[in-house]
Amino acid sequence: MKKKSKKDTATIGHANFDKNKDKDITPCIYFLNFTELYFNCKINSVGSKNKLKRFRENETFANVFQPSRDELVNNQFDLKGNWNKIFFKNSNPLVLELGCGKGEYSVALAKKYPNKNFIGIDIKGARFWRGAKTALEDNLPNVAFMRSQIELIDHAFAAGEVDEIWITFPDPQIKYKRTKHRMTNSEFLKRYKTVLKPDGVMNLKTDSEFMHGYTLGLLHGEGHEVLYANHNVYKQEGSPEEVTSIQTYYESQYLEQNKPITYIRFKIK
Numbered sequence: 003m004k005k006k007s008k009k010d011t012a013t014i015g016h017a018n019f020d021k022n023k024d025k026d027i028t029p030c031i032y033f034l035n036f037t038e039l040y041f042n043c044k045i046n047s048v049g050s051k052n053k054l055k056r057f058r059e060n061e062t063f064a065n066v067f068q069p070s071r072d073e074l075v076n077n078q079f080d081l082k083g084n085w086n087k088i089f090f091k092n093s094n095p096l097v098l099e100l101g102c103g104k105g106e107y108s109v110a111l112a113k114k115y116p117n118k119n120f121i122g123i124d125i126k127g128a129r130f131w132r133g134a135k136t137a138l139e140d141n142l143p144n145v146a147f148m149r150s151q152i153e154l155i156d157h158a159f160a161a162g163e164v165d166e167i168w169i170t171f172p173d174p175q176i177k178y179k180r181t182k183h184r185m186t187n188s189e190f191l192k193r194y195k196t197v198l199k200p201d202g203v204m205n206l207k208t209d210s211e212f213m214h215g216y217t218l219g220l221l222h223g224e225g226h227e228v229l230y231a232n233h234n235v236y237k238q239e240g241s242p243e244e245v246t247s248i249q250t251y252y253e254s255q256y257l258e259q260n261k262p263i264t265y266i267r268f269k270i271k
């Protein structure tokens, strides 16, 4: 039997192939890799085009506001302290949804409570584009969206301008080093307190038992007032109607996976 030489073996990744037996495999693998790369690029390209399209549309929407960081920090944002006067043109209660994502909750609340004004806030404008567009299509004058970082909230709203704040399904930031990014940490609560009226209310709705427990512990530890807490709003009686009657797309998926949805209503002292 003829002894195979090193020249008869081709190495691809971590696998060795006999050239005589598998001579057609290498081109196929390269072809498959190229095809996968092509379609990945195609998908990314389509995604980028959609984002750019949404960014452009947001600029034309009357219910979308995108102040620059400099505008906010340098106190040059005209709507600060004047949201009801300039945009909503009424004196109805002002409610914020922080990290609003696609804006589903803000839009649903606006439909449910026409005598309240709602503003969804998120740094990702391509996401809340859907909510802003739906609000315009459904002729909802009591909902708007703002593209901004949450830590700048006290630069976008005046002291005591806000009646209520919702935080819906935030990233729990479980790792200890991410504590500063949790939307219910002590520093964020101080910012919320600045813009809330003295009797203003906070709402936290989440699928994260960690976030629920962390927030409850923090609230009790710092002496804030917990008005209501429920670790499974769809299984226990007495849950507020606005908590169980409105579901986001991802929330419905969590429920299909039997994940409990938790809720806390509280006041910052």
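So the sequence shown is numbered by our numbering: it starts at 3 and just counts up by one. Beta carbons are placed, not taken as given, at the ideal position from N, Cα and C, and that holds for glycine. Predicted model only: the values in this text are computed from it and were never measured.
Excluding the 5 residues preceding and the 5 following residue i in the sequence, name in chain order all residues of the same chain whose CB lies nearer than 8 angstroms to its CB.
{"i": "Tyr312", "result": "Only positions 3 to 271 of the chain appear in this structure, which leaves residue 312 out of reach."}
{"i": "Leu218", "result": "Val228, Ala231, Ile266"}
{"i": "Ile88", "result": "Asp80, Leu81"}
{"i": "Arg238", "result": "First, the residue type needs correcting, since residue 238 is Gln and not Arg in the sequence shown. Answer for Gln238: Asn232, listed in chain order."}
{"i": "Asn92", "result": "Asn86, Asn119"}
{"i": "Ala64", "result": "Leu138"}
{"i": "Gln151", "result": "Arg71, Ile125"}
Starting from the Cα of residue i, find the closest Cα among the options and give me that residue.
{"i": "Thr250", "options": "Asp140, Tyr178, Phe130, Lys269", "result": "Phe130"}
{"i": "Arg193", "options": "Leu100, Ala64, Lys87, Leu54", "result": "Leu100"}
{"i": "Asn86", "options": "Asn76, Glu139, Arg58, Ile121", "result": "Ile121"}
{"i": "Val66", "options": "Gln238, Asn94, Phe147", "result": "Phe147"}
{"i": "Phe171", "options": "Arg180, Leu206, His157", "result": "Leu206"}
{"i": "Val75", "options": "Tyr252, Ala158, Asn92", "result": "Ala158"}
{"i": "Val203", "options": "Leu220, Lys271, Lys104", "result": "Lys271"}
{"i": "Ser188", "options": "Ile176, Trp168, Ala160, Leu220", "result": "Leu220"}
{"i": "Ser70", "options": "Ile125, Lys91, Lys179, Lys237", "result": "Ile125"}
{"i": "Pro116", "options": "Glu258, Val97, Gly240, Arg58", "result": "Val97"}
{"i": "Tyr252", "options": "Lys104, Glu224, Lys53", "result": "Lys104"}
{"i": "Glu59", "options": "Cys102, Gly133, Tyr236", "result": "Gly133"}
{"i": "Glu153", "options": "Thr136, Lys182, Tyr178", "result": "Lys182"}
{"i": "Glu73", "options": "Asp156, Glu224, Thr136", "result": "Asp156"}
{"i": "Gly83", "options": "Ser247, Tyr107, Ala160", "result": "Ala160"}
{"i": "Val245", "options": "Phe90, Tyr107, Ile176", "result": "Tyr107"}
{"i": "Glu258", "options": "Glu243, Ile123, Tyr236", "result": "Tyr236"}
If I follow the unbroken alpha helix (DSSP H) through residue i, where does it start and stop?
{"i": "Leu257", "result": "251-258"}
{"i": "Phe130", "result": "127-139"}
{"i": "Ile88", "result": "Note, Ile88: premise wrong, no alpha helix (DSSP H); not H, not E."}
{"i": "Leu74", "result": "71-75"}
{"i": "Asp156", "result": "155-158"}
{"i": "Val245", "result": "243-246"}
{"i": "Val109", "result": "106-114"}
Which residues share a DSSP beta bridge with residue i?
{"i": "Lys207", "result": "Thr170, Tyr265"}
{"i": "Ile121", "result": "Leu98, Ala146"}
{"i": "Val164", "result": "Leu198"}
{"i": "Phe67", "result": "Met148"}
Identify, in the order they occur along the chain, each residue of the same chain with its Cβ nearer than 6 angstroms to the Cβ of residue i, setting aside the five sequence neighbours on each side.
{"i": "Gln68", "result": "Arg149"}
{"i": "Tyr40", "result": "Residue placement at Tyr40 is poorly supported in this model, since its pLDDT is 49, which falls under 50; the coordinates are not used for a value here."}
{"i": "Asn94", "result": "Asn117, Lys118, Asn119"}
{"i": "His226", "result": "Phe268, Ile270, Lys271"}
{"i": "Ala128", "result": "Lys53, Arg56"}
{"i": "Asn234", "result": "Pro262"}
{"i": "Ile169", "result": "Leu100, Met185, Leu206"}
{"i": "Lys9", "result": "Note that Lys9 scores a pLDDT of 44, beneath 50, so its modelled location is shaky; the value from the coordinates is reported in the next line. Excluding positions up to five away in sequence, the list is empty."}
{"i": "Phe90", "result": "Asn119"}
Under DSSP, the beta strand (DSSP E) around residue i begins and ends at which residues?
{"i": "Tyr230", "result": "227-232"}
Ignore the nearest five residues each way along the sequence and tell me which others in residue i's own chain have a CB closer than 7 angstroms to its CB.
{"i": "Lys261", "result": "Asp209"}
{"i": "Leu191", "result": "Ile270"}
{"i": "Thr62", "result": "none"}
{"i": "Tyr256", "result": "Asp209, Ile263"}
{"i": "Gly240", "result": "none"}
{"i": "Thr136", "result": "Val109"}
For the ligand COA, is there a heavy atom less than 7 angstroms away from the beta-carbon of residue i?
{"i": "Leu142", "result": "The model depicted lacks the ligand COA and carries no ligand whatsoever."}
Just checking, does the stretch 255-269 make contact with the stretch 199-217 on the three C-beta pairs under 8 angstroms criterion? With a cut-off of 8 angstroms, the stretch 199-217 and the stretch 255-269 count as touching, because enough Cβ pairs lie within range.
Validate contact between the stretch 191-201 and the stretch 155-167 using beta carbons, cut 8 angstroms, 3 pairs: Contact holds: three or more Cβ-Cβ distances are below 8 angstroms.
Below 8 angstroms, can you find three or more Cβ-Cβ pairs linking the stretch 108-124 to the stretch 137-154? Contact between the stretch 108-124 and the stretch 137-154 is established, with three or more Cβ pairs separated by less than 8 angstroms.
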